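Reviewing the structure listed below.
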Amino acid sequence: MAPRVLVSDELSETAVQIFRDRGVEVDFQPQLGKDKDKLAEIIGNYDGLAIRSATKATEKLIAAATNLKVIGRAGIGVDNVDIPAASRRGIIVMNTPFGNSITTAEHAIALMFAVARQLPQADASTQAGKWEKSKFMGVEITGKTLGVIGAGNIGSIVCARAIGLKMHVLAYDPFLSKERAEEMGVVKVELDELLAKADFITLHVPMTEKTRGILNKEALAKTKPGVRIINCARGGLVDEAALADAIKSGHVAGAAFDVFEVEPAKESPLFGLPNVVCTPHLGASTTEAQENVALQVAEQMADYLVKGAVSNAINMPSITAEEAPILKPFIRLADVLGAFVGQVTEEPIKEIEILYDGATANMNTRALTSALLAGLIRTQVADVNMVSAPIMIKEKGIVLSEVKRDKTGVFDGYIKLTVTTESMTRSIAGTVFSDGKPRFIQIKGINLDADVGSHMVYIANTDVPGMIGFIGTTLGEAGVNIANFQLGRDKQGGDAIALLYVDGPIGDDVLAKLTAHRAIRQAKPLVFAVD
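This is the structure:
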């Protein structure tokens, strides 16, 4: 029986035909995504669901999708898909991470020109029968300094276009190496320097806890007077109310926004202000981009449903159906090893070494490496997946090496990750026991045996008496319950570590109390997706 796919959003006829040509039965109902009740009523009849942004693949919808095997999102953003719910049901979620890159980058450049020359305001005035030539005095782009926050796939294209416009480009990106910056022709700087020097600032980072409000009131106060700000990335990266105040005061000369904190944006503090250009999330709205992502998602979904091939999956690496049962627990291990290091490392990473020992050396290490890299950079790049992660690492100029060797220790096989920054080296090793669950077996060269919990606290300290009591008392006074803990040290009075399993997230105030102890060098909350 042929697999069935429901297309519930607008997709091109060419994309629909791809399904048919690959032997997939297609039900094309492009308006159905707006009717969540009707969609939930029939979703159980399909193996695949192809969507854009109108369809909301919520937990409720996924619960009704009793036969669904794959959700394909034509575009990069998967905010409208409950990925944890899909993962729990064994549903693969695919996207098309690079189909919109050029289009979004070009829109950012277009908005920069628009706000530099007040084009929308001048157009409206002229078409109203006015001739206010002296009113719309603009500024040139040539010779100005552009600050790019986020130099990944889209950001790097913006950098290249800006250099072609004879602009000086500063880039802030924790994962951008100096070598890669030199290749791109940009100057790598810290955020404060970018804010102080940039005439224009454009944002190209995902929405994460670290990037939310990256341009808040305090950051905007550090910007160069007369700066113009462009946001085609995600709403909420910029505090709209604070920006509106900065524009009213004259400190910020203008802004151009394609994304907003609340969408659809019916109102915003930015609306109605002079020299503010607003568009309704048009970053991906070109004929070419829409066609590209539609064709890509159709090809990917058809390949999976017919051949079992997985590509551009958010919640699963590119592996064959035969490999999946063997690799699955080690993929989870690789992901949590990467996520651990990614959450405790704040400096730009220069080198990554992955050691596959024993049985792991004979597995599909490409898939394992992709899973590890995705976990490593997920804190900085929320939309990363198993396929795009290696590409992003390469684009950032990070040196990646793999080492495979025969069994050397007591474990049948394990994975060890080592990352090097400008000032330090971090390492962690883990394995999978017979229960199929990932375990940490070594951190910073210190041996231990630790399960992986959803919420953990990692503490690095000097081995001194009373540390366990101090940690327990501090967390207890803050109302944080410790479910379990693991300790390790290299020698008496030397380096020591603690992994605490807590019942939920802990606040910055608690971490501050922990790090106030003279012997504690680092205390970081860790969050993992585990069964």
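Numbering (the numbering used here), first residue to last: 823 to 1353. Yeah, the Cβ is synthetic: ideal placement off N, Cα and C, and Gly gets one too. All figures in this text were calculated on a predicted structure; none of them were measured in a lab.
Tell me where the alpha helix (DSSP H) around residue i begins and ends.
i	result
N1186	Here N1186 belongs to no alpha helix (DSSP H), and DSSP marks it neither H nor E.
N922	No alpha helix (DSSP H) holds N922; DSSP gives it neither H nor E.
V980	N975 to G986
R910	I905 to R910
P1260	That residue, P1260, is in no alpha helix (DSSP H); its beta strand (DSSP E) goes P1260 to I1265.
E1113	T1109 to K1129
E1004	K1000 to M1006
A885	E881 to A886
A1341	First-last for A1341: undefined, no H or E at that position.
L1065	E1062 to S1071
V838	E835 to D843
A946	L941 to Q949
I1290	M1289 to E1299
D859	K858 to I864
D1325	First-last for D1325: undefined, no H or E at that position.
K1019	L1013 to K1019
Note the first and the last residue of the continuous beta strand (DSSP E) segment covering residue i.
i	result
M1358	As displayed, the chain neither begins before 823 nor continues past 1353, which places residue 1358 out of reach and without an answer.
S1223	V1221 to R1227
K1044	That residue, K1044, is in no beta strand (DSSP E); it is neither H nor E in DSSP.
E1173	I1171 to G1180
T1230	Run containing T1230: none; DSSP gives neither H nor E here.
F1079	V1074 to F1079
E1358	Absent from the model: residue 1358. The displayed extent of the chain is 823 to 1353, so no value can be given.
D831	Segment: none, D831 is in no beta strand (DSSP E) and carries neither H nor E.
G1252	T1247 to V1254
M916	I914 to M916
F1022	F1022 to L1025
V994	The residue you asked about is not Val; residue 994 is Tyr in the sequence shown. H990 to Y994 is the span of the beta strand (DSSP E), which, as asked, contains Y994.
F1307	I1304 to R1311
Going by alpha carbons, who is nearest to residue i out of the options?
i	options	result
L1013	I1215, H929 and G972	G972
V1119	T1108, M823, S834 and A982	S834
K1266	V1274, G1258, T1247 and P1260	T1247
P919	V1349, T1030, I1213 and V1332	I1213
K1216	S1192, F935, V848 and G1326	S1192
A1078	L941, F1350, A946 and V1115	L941
V1332	G1298, K1088 and D1080	G1298
A938	E1085, G921, I1051 and V1011	I1051
G1007	F1022, A1020, I840 and A982	A982
L871	I1304, A1282 and A1124	A1124
D1257	I1220, G894, G897 and L1155	L1155
S830	H990, L854 and T880	L854
L1270	G1310, D1157 and D1330	G1310
K882	G897, R910 and G1160	R910
L1322	V1302, R1200 and I1199	V1302
V915	A1320, N1137, S1245 and Q839	N1137
A1356	F1350, G1316 and G1329	There is simply no residue 1356 to check, as the chain begins at 823 and stops at 1353 in what is shown.
K1313	G1329, T1284 and I1290	T1284
F1022	K1000, N1038, V1009 and M989	M989
V1279	T1296, P1287, V1206 and S1133	T1296
T1101	P1086, A1161, G1252 and I898	P1086
E1244	E954, A984 and K1000	K1000
P1170	A1183, T1242, A1135 and E1145	T1242
P1152	G1164, P1139 and V1163	The residue asked about is misnamed: residue 1152 is Phe in this sequence, not Pro. Among G1164, P1139 and V1163, the Cα nearest to that of F1152 is on P1139.
Classify residue i: buried if its beta carbon has 16 or more other beta carbons within 10 angstroms, exposed otherwise.
i	result
R1227	exposed
T1045	buried
T877	buried
T1033	buried
G1072	exposed
I1148	exposed
D843	exposed
D1061	buried
P1047	exposed
M1379	Past the edges of the chain, shown from 823 to 1353, lies residue 1379, and the structure says nothing about it.
S1090	buried
Please decide whether residue i counts as near chain B, where near means a Cβ-Cβ distance under 8 Å.
i	result
D1080	Within the model displayed, chain B is absent; a lone protein chain is all it includes.
What distance in whole Å lies between the Cβ atoms of residue j and residue i, which are believed to be in contact at a cut-off of 8 Å?
i	j	result
L780	D869	Outside the displayed range of the chain (823 to 1353) lies residue 780, so it cannot be described from this structure.
L933	I963	With 8 Å as the limit, L933 and I963 do not qualify as a contact, their Cβ atoms being about 12 Å apart.
T967	K1019	6 Å
L1017	A1055	Going by Cβ atoms, the distance from L1017 to A1055 rounds to 17 Å, so no, they are not a contact pair.
V1115	N922	6 Å
A1196	G1160	7 Å
Tell me whether residue i counts as near the ligand PLP, meaning its Cβ is closer than 7 Å to at least one heavy atom of that ligand.
i	result
V991	This structure does not include the ligand PLP; it has no bound ligands of any sort.
Checklist entry - Do three or more CB pairs link the region 923 to 934 to the region 900 to 908 at distances below 8 Å? => result no
Item to check | Stretch-stretch touch, CB-based, cutoff 8 Å, three pairs: the region 1228 to 1238 with the region 1167 to 1180 | outcome: yes
Next on the checklist: With three or more beta-carbon pairs closer than 8 Å as the criterion, would you say the region 1015 to 1032 touches the region 990 to 1003?
Outcome noted: With a cut-off of 8 Å, the region 990 to 1003 and the region 1015 to 1032 count as touching, because enough Cβ pairs lie within range.
Checklist entry - Touch check for the region 945 to 960 and the region 971 to 986: three-plus C-beta pairs under 8 Å? => result no
Item to check | the region 1093 to 1101 / the region 860 to 867 touching (three or more Cβ pairs under 8 Å) | outcome: no
Checklist entry - If we count Cβ pairs, one from each stretch, closer than 8 Å, do we get three or more for the region 1056 to 1070 versus the region 880 to 890? => result no
Checklist entry - Is the region 1255 to 1275 in contact with the region 1183 to 1191, if contact means three or more CB pairs nearer than 8 Å? => result no
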